[in-house]
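Everything on this sheet refers to the single structure shown next.
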Amino acid sequence: MQTKRIMCIVKYDGSKFFGYQIQPKGRTVQQEIERALKKICKTEITTHAAGRTDSGVHALGQVFHFDSTLEMEASRYKMAFNSILPQDIYIMASKEVDSTWHARFHAISKEYHYRLSTNEYDPLTCDYIYYHRQRLNVEKMKEAMTYFLGRHDFTSFTANMESIDKQRTIYQSEIIVHDEGNYTFRFVGTGFMKYMVRIMVGTLIQVGLSKIYPEEIPLILAAKNRNFAGPTAKSEGLYLHSVEYEVK
516 MQTKRIMCIV KYDGSKFFGY QIQPKGRTVQ QEIERALKKI CKTEITTHAA GRTDSGVHAL
576 GQVFHFDSTL EMEASRYKMA FNSILPQDIY IMASKEVDST WHARFHAISK EYHYRLSTNE
636 YDPLTCDYIY YHRQRLNVEK MKEAMTYFLG RHDFTSFTAN MESIDKQRTI YQSEIIVHDE
696 GNYTFRFVGT GFMKYMVRIM VGTLIQVGLS KIYPEEIPLI LAAKNRNFAG PTAKSEGLYL
756 HSVEYEVK
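Take 516 as the starting number for the sequence shown in our numbering and just add one per residue.
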């Protein structure tokens, strides 16, 4: 039987998951997807995602792929998945891709958003927005974000202590002001390491509180030491917005 490689775009509410990747304990997004895929294909199939999201982190456009010998049009996997998956996961699209294509290794950029509010706490949205109780100097934070642009060693902004290349390129970095007290921090780059966006946001919050000056960001980058950056922002505000690939 012919094997097809299927690519899917998935959206999920991360608040009830212990992250994307399967782990020994705790419910994960990958676990639910592969459980549904087993029902569809009648066999165990491993999926491969563009990246991992941590516990409590959401996705608007996570990407994964898998190989299947099932005689079914690729576009129909969307409906098949969504008839089985729980309500906090939704497949937005499915299509066939080249057999050599890989969701992780062929990604050219990723976009993350972080949602923050300094308005009154709302228990109905607290799993999706980080509520910060103090007012922030947004102009200072915007100034500080410009220092992230370009290629840098982000050792100071990750919890990943492995001996890997920590050079990353940030293409876009901005704060979107929706209305008074509601903000989205937007980052587009080649890739992001463990807690990297959350540490960047946590550091920017310190800038907004005048505990760190914008011009100190280059010094923090140069230090290559996690202790120099700000605290890790909470997970509920973070979204993997999208993953981009070269168009063939």
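Positions of the beta carbon are idealized from the N, C-alpha and C atoms, including for glycine.
None of these values were measured; they are calculated from a predicted model.
query: Whole-angstrom Cβ separation of alanine 565 and phenylalanine 579, contact assumed at under 8 Å?
result: Here residue 565 refers to the residue found at position 50 of the sequence shown. Here residue 579 refers to the residue found at position 64 of the sequence shown. That belief holds up - the Cβ atoms of alanine 565 and phenylalanine 579 are roughly 7 Å apart, short of 8 Å.
task: Drop a sphere of 10 angstroms on the beta-carbon of methionine 594, count the other beta-carbons inside from all chains shown, and report buried for 16 or more, exposed for fewer.
output: On the sequence shown, residue 594 is found 79 positions in, with the first residue counted as 1. Under this definition methionine 594 is an exposed residue.
- request: Compute the Euclidean distance between the alpha carbons of glutamate 586 and isoleucine 555, then round it to the nearest angstrom.
  value: Stepping through the sequence shown from its first residue, residue 586 is reached at position 71. Stepping through the sequence shown from its first residue, residue 555 is reached at position 40. For glutamate 586 and isoleucine 555, the distance between alpha carbons rounds to 11 Å.
task: Return the first residue and the last residue of the beta strand (DSSP E) that glycine 704 is part of.
output: Taking the first residue of the sequence shown as 1, we reach residue 704 at position 189. Residues 697-704.
Residues of its chain near serine 757, where Cβ-Cβ distance is below 8 Å and the 5 sequence neighbours each way are ignored: Within the sequence shown, the letter at position 242 stands for residue 757. These residues qualify, in order along the chain: Leu575, Gly576, Lys625, Glu626.
Arginine 666 vs isoleucine 644 beta-carbon contact at 7 Å: Position 151 of the sequence shown holds residue 666. Position 129 of the sequence shown holds residue 644. Contact flag unset, no.
query: Secondary structure at cysteine 523, three-state DSSP: helix, strand or coil?
result: Sequence index remark: in the sequence shown, residue 523 carries index 8 (1-based). Here DSSP, grouped into helix, strand and coil, assigns cysteine 523 to strand.
- request: Following the continuous beta strand (DSSP E) through asparagine 545, name the residue where it begins and the one where it ends.
  value: For the purposes of this step, residue 545 is taken as the residue at position 30 of the sequence shown. Note on residue identity: the sequence assigns glutamine, not asparagine, to residue 545. Membership of glutamine 545 in any beta strand (DSSP E) is not indicated; the residue belongs instead to the alpha helix (DSSP H) covering 544-556.
field: Residue from Ala738, Ser678, Ile685, Ile604 whose Cα sits closest to the Cα of tyrosine 527
entry: In the sequence shown, the residue the question calls residue 527 occupies position 12. Ranking Ala738, Ser678, Ile685, Ile604 by Cα distance to tyrosine 527 puts Ile604 first.
- request: Report back the beta-carbon spacing between threonine 562 and isoleucine 548 to the nearest angstrom; my notes put them in contact at under 8 Å.
  value: For the purposes of this step, residue 562 is taken as the residue at position 47 of the sequence shown. For the purposes of this step, residue 548 is taken as the residue at position 33 of the sequence shown. Sure, about 6 Å apart at Cβ, within 8 Å.
query: With contact counted as at least three CB pairs below 8 Å, one residue from each stretch, are the segment 730-741 and the segment 665-679 in contact?
result: Under the 8 Å Cβ criterion, the segment 730-741 counts as touching the segment 665-679, having at least three qualifying pairs.
- prompt: What residue does the beta strand (DSSP E) around leucine 631 start on, and which one ends it?
  reply: For this step, residue 631 is matched to residue 116 along the sequence shown. From DSSP, the beta strand (DSSP E) with leucine 631 extends over 622-632.
Burial state of glycine 541, where buried means 16 or more other Cβ atoms lie within 10 Å: Walking along the sequence shown from the start, residue 541 turns up at place 26. Around the C-beta of glycine 541, fewer than 16 other C-beta atoms lie within 10 Å, and the residue is accordingly described as exposed.
query: Straight-line CA distance for tyrosine 728 to asparagine 697?
result: For the purposes of this step, residue 728 is taken as the residue at position 213 of the sequence shown. For the purposes of this step, residue 697 is taken as the residue at position 182 of the sequence shown. Here the alpha carbons of asparagine 697 and tyrosine 728 stand approximately 22 Å from one another.
- request: With a floor of 3 residues, list each beta strand (DSSP E) that falls wholly inside the segment 673-746, ordered by position along the chain.
  value: You should have 682-694, 697-704.
query: Cβ atoms of valine 703 and tyrosine 686: under 7 Å apart, would you say?
result: Along the sequence shown, one-based indexing puts residue 686 at 171. Along the sequence shown, one-based indexing puts residue 703 at 188. In this structure, valine 703 lies closer than 7 Å to tyrosine 686 by Cβ.
query: So, is methionine 516 buried or exposed, given that buried needs 16 or more other C-beta atoms within 10 angstroms?
result: The count along the sequence shown starts at 1 and reaches residue 516 at position 1. Exposed, since its Cβ has fewer than 16 Cβ neighbours within 10 Å.
message: Assuming the contact rule is C-beta atoms closer than 8 Å, alanine 675 and methionine 708 should be a hit. Round their C-beta distance to whole Å, please.
response: Locating residue 675 in the sequence shown gives position 160, counting from the first residue. Locating residue 708 in the sequence shown gives position 193, counting from the first residue. With the sequence shown as reference, residue 675 is identified as asparagine, and alanine is not the correct amino acid for it. Sure, about 5 Å apart at Cβ, within 8 Å.
message: When you compare the CB positions of alanine 659 and valine 722, do they come within less than 7 Å of one another, or not?
response: As a first step, residue 659 is located in the sequence shown; it is residue number 144 there, counting from the start. As a first step, residue 722 is located in the sequence shown; it is residue number 207 there, counting from the start. Yes, the Cβ-Cβ distance between alanine 659 and valine 722 is below 7 Å.
message: Let's see if you can read the secondary structure: which residues bound the beta strand (DSSP E) around glutamate 635?
response: For this step, residue 635 is matched to residue 120 along the sequence shown. Taken as a continuous stretch (DSSP letters only), glutamate 635 belongs to no beta strand (DSSP E), as it is neither H nor E.
- prompt: Assuming tyrosine 754 and histidine 628 make a contact with CB atoms under 8 Å, what is their CB distance in whole Å?
  reply: Numbered from its first residue, the sequence shown carries residue 754 at position 239. Numbered from its first residue, the sequence shown carries residue 628 at position 113. Sure, about 5 Å apart at Cβ, within 8 Å.
- request: Look at the Cβ atom of isoleucine 521, then the Cβ atom of methionine 607, and state whether they are nearer than 7 Å.
  value: Translated into positions along the sequence shown, residue 521 becomes position 6. Translated into positions along the sequence shown, residue 607 becomes position 92. With contacts defined as CB atoms closer than 7 Å, isoleucine 521 and methionine 607 fail to qualify as a contacting pair.
Span of the alpha helix (DSSP H), counted from its first residue to its last, around methionine 660: Numbered from its first residue, the sequence shown carries residue 660 at position 145. Residue range 653-660 is occupied by the alpha helix (DSSP H) that includes methionine 660.
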